[in-house]
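K.L.:
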Amino acid sequence: TSQSSVLPSLRKSRSPLRPYTVVQASQPERLSAQGHTVRPRARTAEPRPRPSRSPPARPLLSVVPPPDQRGLHWAEPTVSTKKHLEGVAEQFQKMVSDQEVVAQFEAPVPKFTPSVRHQGSAEWHTLDNLHLRAALYHAPTLVCAIKALWNAIPNHEPDSMPEDIYKWYYGRLYTAVVADGNKQEMALMADAEWSVEAGGPKMTFQQFFEGMFNFVDIWCPTVSEEEYVEYVRKVCMGALHGGGRSCPRGFKEGMPDIPAILSASNERLEWHIEAQRSNRDIYLYNCVRLNVNPLPEITKQLSAAKGKYNLKELKLGGLAQLTELEPLLDVWRLNEGLHTINLKQCPLSQGSLALLAEAMCTHPGIRTLDLTACPLANSEATQCLFRMVCRNTRITTARLTGVLPGPVRMKALQRVEMNFHSHSISREAYHELRRAFLEMDTDGNGKVDHQELVQYFRYHTLATAKPKLKGSLGASSLLLSHMDMARSERLAEKDTLAVFHKVAQLRGEGFNRLISFEDLLHYYYPNISSEVIQGFIQMYNTETDPLSRCNLSTKTIATIFADYDRDGDGLISPQELKEGLLREGLGQ
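For the sequence shown, the UniProt record's numbering begins at 1 and goes up steadily by one.
#1: Closest to residue 167 by C-alpha separation, out of 577, 181 and 188, would be which residue?
#2: Do residue 312 and residue 338 have their C-beta atoms closer together than 8 Å?
#3: From the DSSP output, in three-state form, read off residue 108 for me.
#4: Kindly indicate which three-state DSSP category residue 189 falls into: helix, strand or coil?
#5: Distance check for residue 234 and residue 380, CA to CA, integer angstroms please.
#6: If you reduce the DSSP assignment to three classes, tell me which class residue 489 lands in.
#7: So, does the stretch 168 to 176 touch the stretch 130 to 137, judging by three or more C-beta pairs under 8 Å?
#8: Heavy atom of the ligand ADP less than 7 Å from the Cβ of residue 343, yes or no?
#9: According to the neighbour-count rule (16 or more other Cβ atoms, all chains shown, within 10 Å of its Cβ), is residue 539 buried or exposed?
#10: With distances taken between CB atoms, is the gap from residue 517 to residue 434 smaller than 8 Å?
#11: Under a Cβ-count criterion, where at least 16 other Cβ atoms within 10 Å of its own Cβ denotes burial, should residue 265 be classed as buried or exposed?
#12: Going by beta carbon distance, what residues of the same chain come within less than 7 Å of residue 85, once the five residues before and after it are set aside?
#13: On the CB-based measure, 16 or more other CB atoms within 10 Å of its CB, does residue 147 come out buried or exposed?
#14: Assuming residue 327 and residue 348 form a contact by the criterion Cβ under 8 Å, report the distance between their Cβ atoms to the nearest whole angstrom.
#15: Identify, in the order they occur along the chain, each residue of the same chain with its Cβ nearer than 8 Å to the Cβ of residue 571, setting aside the five sequence neighbours on each side.
#16: For the alpha helix (DSSP H) holding residue 146, just list the boundary residues, first then last.
#17: Mind checking which residues open and close the alpha helix (DSSP H) that includes residue 435?
#18: Which residue spans inside the stretch 198 to 230 form an unbroken alpha helix (DSSP H) run of at least 4?
#19: Within 8 Å, do at least three Cβ pairs link the stretch 382 to 399 to the stretch 188 to 206?
#20: Quick check on the DSSP output: the alpha helix (DSSP H) that includes residue 82 runs from which residue to which?
#21: Do you know how far the Cα of residue 294 is from the Cα of residue 280?
#22: Whole angstroms is fine: what's the gap from residue 400's alpha carbon to residue 316's?
#23: Give the DSSP-derived three-state secondary structure of residue 304 in the structure shown.
#24: Using 8 Å as the Cβ pair cut-off and three pairs as the minimum, do the stretch 438 to 455 and the stretch 414 to 424 touch?
#25: Could you work out which residue in 370, 141, 451 and 586 is closest to residue 353 when comparing CA atoms only?
#26: Where does residue 338 fall in DSSP's three states?
#27: Compute the beta-carbon to beta-carbon distance between residue 373 and residue 402, rounded to the nearest angstrom, for a pair I have assumed lies under 8 Å.
#28: Tell me the DSSP secondary structure of residue 405 in three-state form.
#29: Between residue 586 and residue 391, what straight-line distance do the alpha-carbon atoms span, to the nearest angstrom?
#30: Can you pull the DSSP bridge partners for residue 397?
#31: Fully enclosed by the stretch 308 to 332, which beta strand (DSSP E) runs are 3 residues long or longer?
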């Protein structure tokens with residue numbers, strides 16, 4: 001038997017608790033580092049751990065330096081040198097020969113098979129693979145992904161993280177990857193990890209990055225940059241938003257006071273316009289005001305023309321240094337023709353996501369927004385983003401993969417599709433067709449049968465005009481003829497059968513002599529999905545209720561709010577609300 005029989009599917013290392021790995025094969029013998037069979041010490045799948053560390057912060061196979069070091073410090077200048085990595089490979093072979101790491105064949109009895117996190121593969125510790133793993137430390141997309149994870153963890157300062165927040169997240173990550181763990185082990189590992197990584201009251205981002213890089217390096221089954229990044233997004237970010245461990249008490253989500261920020265922005269806008277500042281000057285001014293380093297990738301996209309606010313697109317996708325958007329707030333709001341913002345794969349903070357959403361709620365020009373692979377939004381930012389696509393019907397393209405949880409993302413995209421088709425099913429066309437349906441439904445049961453439709457078509461015709469908007473799907477307007485006394489029974493029967501056959505085709509069902517109002521909408525707008533049709537029905541029906549009317553313009557709402565907000569602080573106090581209601585005659 002030779003070393004080549006080691007199973008290739010086993011990963012680099014699978015023991016976040018013990019400093020050894022078991023490499024399995026097919027026979028009950030064990031191998032030395034040279035591939036010779038050696039006598040087993042005991043009939044157990046778990047070799048003895050190193051006496052110097054109990055428990056270690058992570059498996060020694062992910063680090064494999066001399067015993068007095070905590071791990072392989074990928075960030076150190078010497079780490080990627082050939083001499084250093086040769087030493088790492090030699091150290092691994094020595095550990096195998098000393099049976100601190102055991103190359104073991106699969107035991108014939110299942111109870112001797114170790115758990116998956118105590119397994120691994122020696123191939124990841126060859127010199128070539130060590131070079132590949134070390135090179136990934138500085139991969140820009142991986143740095144960006146871990147920075148996004150740092151920003152997504154709540155309740156810490158931008159440049160530091162307290163111990164309780166780190167351990168809270170560590171618990172979630174432990175639960176996500178360790179199926180056979182327990183709370184006691186988790187607490188021991190969290191304590192050891194904190195003392196090793198931070199060694200003080202707070203952890204810096206660099207310390208967090210090194211810890212997370214080592215974790216991903218251990219568990220990711222390949223040495224591909226794309227796979228490392230995907231592992232961070234799916235597992236590490238997924239652990240943040242999964243599980244049942246609540247955030248420590250006494251902490252609030254680190255969200256900005258958005259109403260106050262927007263109110264202050266209103267004052268600055270007048271100042272910028274009066275001084276004829278350029279888009280570039282406004283951005284640089286806000287960077288200084290907020291103590292944020294200006295990014296040249298942003299500066300070069302902003303015009304230096306004084307008093308000219310005609311920015312159309314802002315393409316910032318993949319900008320790993322872009323975490324805060326507040327310096328751009330005034331630029332967005334002054335450029336009312338801005339129709340596209342691309343922030344794909346930017347590690348935005350939760351506050352920036354919420355601020356962007358609130359600013360775009362009332363933006364008159366925005367059409368396309370790309371937030372693909374941005375950090376997964378927390379509950380407050382999620383609400384803001386969903387509210388944005390509901391309130392601003394101009395947003396007809398939104399890419400939200402990775403930033404919104406699955407169920408919310410589907411609802412948001414459905415609403416975006418409704419925005420796109422709002423030019424087809426206009427409010428006027430909807431209510432006109434609704435009135436026609438109620439006239440058809442003579443018995444008021446909510447369905448139109450064959451005879452009712454024939455009777456209607458004896459005096460009316462229904463037709464659709466050609467789409468007037470380029471790119472619009474379905475009809476752009478609906479035309480209902482006036483009563484025509486000259487129509488014959490034969491023409492009415494022909495029109496009725498055409499409607500019923502078309503509805504049956506759209507349903508994908510057999511011929512049915514009952515159609516609903518939703519079926520009638522599908523007949524006139526066949527390119528619009530059932531979910532969106534139902535969304536229009538719910539939205540337009542809600543508007544007919546005076547207690548829940550939701551079709552006021554943003555300008556009207558702003559005027560009403562300003563009338564109530566007498567002191568102009570951007571907030572309505574209970575006293576201001578009372579006085580406003582009295583002025584409206586609603587004192588009772």
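Heads up, the beta-carbon is just placed ideally off N, CA and C, and yes, glycines get one too.
P.N.:
Based on what the coordinates show:
#1: Residue mapping note: residue 167 aligns to position 167 of the sequence shown, counting from 1. With distances taken between CA atoms, residue 167 lies nearest to 188 out of 577, 181 and 188.
#2: By one-based count along the sequence shown, residue 312 stands at place 312. By one-based count along the sequence shown, residue 338 stands at place 338. Yes. Within cutoff.
#3: Within the sequence shown, numbered from 1, the residue matching residue 108 stands at position 108. Because the pLDDT of residue 108 is 46, which lies under 50, any placement of that residue in the model is unreliable, and the number read from its coordinates should be weighed accordingly. Coil at residue 108, not helix or strand.
#4: Indexing the sequence shown from 1 puts residue 189 at position 189. Look at residue 189 here: in three-state DSSP terms it is helix.
#5: The residue you call residue 380 lines up with position 380 of the sequence shown. The residue you call residue 234 lines up with position 234 of the sequence shown. One alpha carbon belongs to residue 380, the other to residue 234, and they sit about 21 Å apart.
#6: Against the sequence shown, residue 489 aligns to sequence position 489. Helix at residue 489.
#7: Judged by Cβ distances under 8 Å, the stretch 168 to 176 makes no contact with the stretch 130 to 137, as fewer than three pairs qualify.
#8: No copy of the ligand ADP occurs in the structure displayed, which carries no ligand at all.
#9: Residue numbering aside, residue 539 sits at position 539 when the sequence shown is read from its first letter. By the neighbour-count criterion, in which a residue is buried when 16 or more other Cβ atoms sit within 10 angstroms of its Cβ, residue 539 is buried.
#10: Here the question's residue 517 lines up with position 517 in the sequence shown. Here the question's residue 434 lines up with position 434 in the sequence shown. With contacts defined as CB atoms closer than 8 Å, residue 517 and residue 434 qualify as a contacting pair.
#11: For the purposes of this step, residue 265 is taken as residue 265 along the sequence shown, with counting starting at 1. Residue 265 comes out buried.
#12: The residue labelled residue 85 in the question sits at position 85 within the sequence shown. Take residue 85, set aside five residues on each side of it, and the residues of its chain with a beta-carbon closer than 7 Å to its own are 127, 130, 131 and 134, in chain order.
#13: Position 147 of the sequence shown, counted from the first residue, corresponds to residue 147. Taking every protein chain shown into account, the CB of residue 147 has 16 or more other CB atoms within 10 angstroms, so this residue is buried.
#14: Reading the sequence shown from its first residue, position 327 is the one you call residue 327. Reading the sequence shown from its first residue, position 348 is the one you call residue 348. Rounded, the Cβ-Cβ distance is 13 Å, inconsistent with contact.
#15: Numbered from 1 along the sequence shown, position 571 holds the residue referred to as residue 571. Correct list, in chain order: 259 and 565.
#16: The sequence position of residue 146 within the sequence shown is 146, counting from 1. It spans 140 to 152 - the alpha helix (DSSP H) in which residue 146 sits, taken as one unbroken run.
#17: Within the sequence shown, residue 435 is the residue found at index 435, counting from 1. Secondary structure note for residue 435: its alpha helix (DSSP H) is the uninterrupted segment 427 to 440.
#18: For the stretch 198 to 230, whole alpha helix (DSSP H) runs of length 4 or above, ordered along the chain, are 205 to 219.
#19: As far as the Cβ criterion goes, the stretch 188 to 206 does not touch the stretch 382 to 399, which means the pair count is below three.
#20: For the purposes of this step, residue 82 is taken as the residue at position 82 of the sequence shown. Run containing residue 82: 82 to 97, per the alpha helix (DSSP H) assignment.
#21: The sequence position of residue 280 within the sequence shown is 280, counting from 1. The sequence position of residue 294 within the sequence shown is 294, counting from 1. Separation of residue 280 and residue 294 (C-alpha to C-alpha, rounded to the nearest whole angstrom) is 10 Å.
#22: In the sequence shown, the residue the question calls residue 400 occupies position 400. In the sequence shown, the residue the question calls residue 316 occupies position 316. Their backbone Cα atoms lie some 16 Å apart in a straight line.
#23: Your numbering for residue 304 matches position 304 in the sequence shown. Under the three-state reduction of DSSP, residue 304 is assigned to coil, being neither helix nor strand.
#24: The stretch 438 to 455 makes no contact with the stretch 414 to 424; the number of CB pairs closer than 8 Å stays below 3.
#25: Start at 1 with the first residue of the sequence shown, and residue 353 comes out as number 353. Among 370, 141, 451 and 586, the Cα nearest to that of residue 353 is on 370.
#26: Translated into the one-based positions of the sequence shown, residue 338 becomes position 338. Of the three classes helix, strand and coil, the one that applies to residue 338 here is coil, per DSSP.
#27: Here residue 373 refers to the residue found at position 373 when the sequence shown is read from its first residue. Here residue 402 refers to the residue found at position 402 when the sequence shown is read from its first residue. Distance from residue 373 to residue 402 at the Cβ level is roughly 4 Å; contact confirmed, criterion being Cβ atoms closer than 8 Å.
#28: Start at 1 with the first residue of the sequence shown, and residue 405 comes out as number 405. Note: residue 405 maps to coil in three-state DSSP.
#29: For the purposes of this step, residue 586 is taken as the residue at position 586 of the sequence shown. For the purposes of this step, residue 391 is taken as the residue at position 391 of the sequence shown. Near 27 Å, if we compare the C-alpha coordinates of residue 391 and residue 586.
#30: Taking the sequence shown and counting its residues from 1, one reaches residue 397 at position 397. Under DSSP, residue 397 takes part in a beta bridge, and its partners are 368.
#31: Fully enclosed beta strand (DSSP E) runs of 3 or longer: 313 to 315.
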